[in-house]
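One structure below.
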Amino acid sequence: DIQMTQSPSTLSASVGDRVTITCRASQSISSWLAWYQQKPGKAPKLLIYEASTLHSGVPSRFSGSGSGTEFTLTISSLQPDDFATYYCQQYNSYPRTFGQGTKVEIK
Amino acid sequence: EVQLLESGGGLVQPGGSLRLSCAASGFTFSSYGMSWVRQAPGKGLEWVSTISGSGGDTHYADSVKGRFTISRDNSKNTLYLQMNSLRAEDTAVYHCAKDRGGSGDDWGQGTLVTVSS
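Just so you know, the protein sequences line up as chains A and B, in that order. Read left to right, the first sequence gives residues 1 to 107 (the numbering used here). Read left to right, the second sequence gives residues 1001 to 1117 (the numbering used here).
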């Protein structure tokens, strides 16, 4: 199975900060990676698919990059609505696997 | 507007069974693969199972293989998850998600399954 490792697990930041979350795969997944945002008690929301394609309706301050085994999610200027937990997921092969999540907290 | 509404969760004893349903609307259901993803209390997301649009291709996490069965009724726009031999570690909120080539682009709010005596 492909293991997905996110870092950091928790991130404290202020409104307006540039934030970067890293996701590493235990083997190459090409660009078959998605990023999700989840708020407490809510369903996850797709932000980015195929590593760098912004899902419809997602603000342009979110961007994704990477291929192979190393990927990043960047929020260019953190907004109050962005405090949440973020997950990466590989869909290169089954079983599909998620990272453990990165919680973005208010500093 | 895509809507996914799960139902069927509840409290069940270890070893028991439940069938979850996910009623879909707002898109051509039979054209999309569908998945179940669960989240144990206070934990991260765990992929459970995926089924193709036709229903002919299914995949399962090792943790549920042989106990859970995913299926769909395209005439009713409904996805199912039959869960047998339930264990305490199956306690979670179960979400259904519409597959967008492997990623989930629309998710339901989830239904809570609690396995406890």
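Ideal Cβ positions, reconstructed from N, Cα and C, are used throughout, including at glycine.
What in chain A is Cβ-close to residue i, meaning under 8 angstroms?
i, result
"B/TRP1036", "Correct list: empty, because the minimum Cβ distance to chain A is about 11 angstroms."
"B/LEU1045", "TYR36, GLN38, PRO44, TYR87, GLN89, PHE98 and GLY101"
"B/SER1031", "Correct list: empty, because the minimum Cβ distance to chain A is about 17 angstroms."
"B/GLY1120", "A query on residue 1120 of chain B cannot be resolved here, the shown segment of chain B reaching from 1001 to 1117 and no further."
Helix or strand or just coil, what does DSSP make of residue i?
i, result
"B/PHE1029", "helix"
"A/ASP17", "coil"
"B/GLU1089", "helix"
"B/ASP1062", "coil"
"A/ASP1", "coil"
"A/ASP81", "helix"
"A/THR69", "coil"
"B/VAL1048", "strand"
"A/SER7", "strand"
"B/GLN1013", "coil"
"A/ILE29", "coil"
"B/GLY1053", "coil"
"A/GLU105", "strand"
"A/SER36", "The amino acid occupying residue 36 of chain A in the given sequence is Tyr; Ser does not appear at that position. In this structure, A/TYR36 counts as strand in the three-state DSSP scheme."
"B/SER1071", "strand"
Starting from the beta carbon of residue i, find every residue of chain B whose beta carbon is closer than 8 angstroms, and list them in chain order.
i, result
"A/THR180", "Only positions 1 to 107 of chain A appear in the structure, and residue 180 of chain A is not among them; the question remains open."
Within its chain, find whatever has a CB closer than 8 angstroms to the CB of residue i; leave out the 5 residues flanking it on each side and keep chain order.
i, result
"A/SER30", "SER67, GLY68 and ASN92"
"A/SER14", "LEU78, ILE106 and LYS107"
Relative to the alpha-carbon of residue i, which residue among the options has its alpha-carbon at the smallest distance?
i, options, result
"A/TYR87", "B/SER1103, B/LEU1112 and B/GLN1013", "B/SER1103"
"A/PRO80", "A/TRP32, A/ARG61, A/MET4 and A/LEU46", "A/ARG61"
"A/PHE98", "B/ARG1067, B/ALA1061 and B/ASP1106", "B/ALA1061"
"B/GLY1056", "B/LYS1043, B/GLU1006 and B/TYR1032", "B/TYR1032"
"B/LEU1079", "B/GLY1110, B/MET1034, B/GLN1003 and B/ASP1105", "B/MET1034"
"B/ILE1051", "A/TRP32, A/ALA34, A/THR74 and A/PRO95", "A/PRO95"
"A/VAL58", "A/SER65, A/GLU50, A/LEU46 and A/GLN27", "A/LEU46"
"A/ASP1", "B/GLY1026, B/GLU1001, B/ALA1040 and B/TRP1047", "B/TRP1047"
"B/GLY1044", "B/HIS1095, B/GLY1101 and B/ASP1099", "B/HIS1095"
"B/THR1091", "B/GLU1006, B/ALA1097 and B/MET1083", "B/MET1083"
"B/ARG1100", "B/GLY1053, B/GLY1110, B/GLN1039 and B/ASN1074", "B/GLY1053"
"B/PRO1014", "B/LEU1004, B/CYS1022, B/SER1071 and B/ARG1067", "B/ARG1067"
"A/ILE48", "A/PHE71, A/GLY41 and A/LYS42", "A/PHE71"
Give me, in chain order, the residues of the same chain whose beta-carbon lies closer than 6 angstroms to that of residue i; leave out the 5 immediate sequence neighbours on both sides.
i, result
"A/THR85", "GLN38, GLY101 and LYS103"
"B/LEU1086", "VAL1012, GLY1016 and VAL1115"
"B/ASN1077", "ALA1024 and PHE1029"
"A/PRO44", "TYR36 and GLN38"
Run down chain A in chain order and give the residues with a C-beta less than 7 angstroms from the C-beta of residue i.
i, result
"B/ALA1061", "PRO95"
"B/GLY1110", "ALA43"
"B/ASP1073", "Simply none; closest approach about 23 angstroms."
Applying a beta-carbon distance threshold of less than 9 angstroms, which residues of chain A neighbour residue i?
i, result
"B/ARG1100", "ALA34, LEU46, TYR49 and HIS55"
"B/ASP1057", "Simply none; closest approach about 10 angstroms."
To which residues of the same chain is residue i closer than 7 angstroms at the C-beta, ignoring the five residues directly before and after it?
i, result
"B/HIS1059", "SER1049 and THR1050"
"A/ARG24", "THR5, THR69 and GLU70"
"A/SER28", "GLY68 and THR69"
DSSP puts residue i in a beta bridge; with which residues?
i, result
"B/GLU1006", "B/CYS1022"
"B/LEU1112", "B/VAL1093"
"B/VAL1037", "B/TRP1047 and B/HIS1095"
"B/ASP1106", "B/LYS1098"
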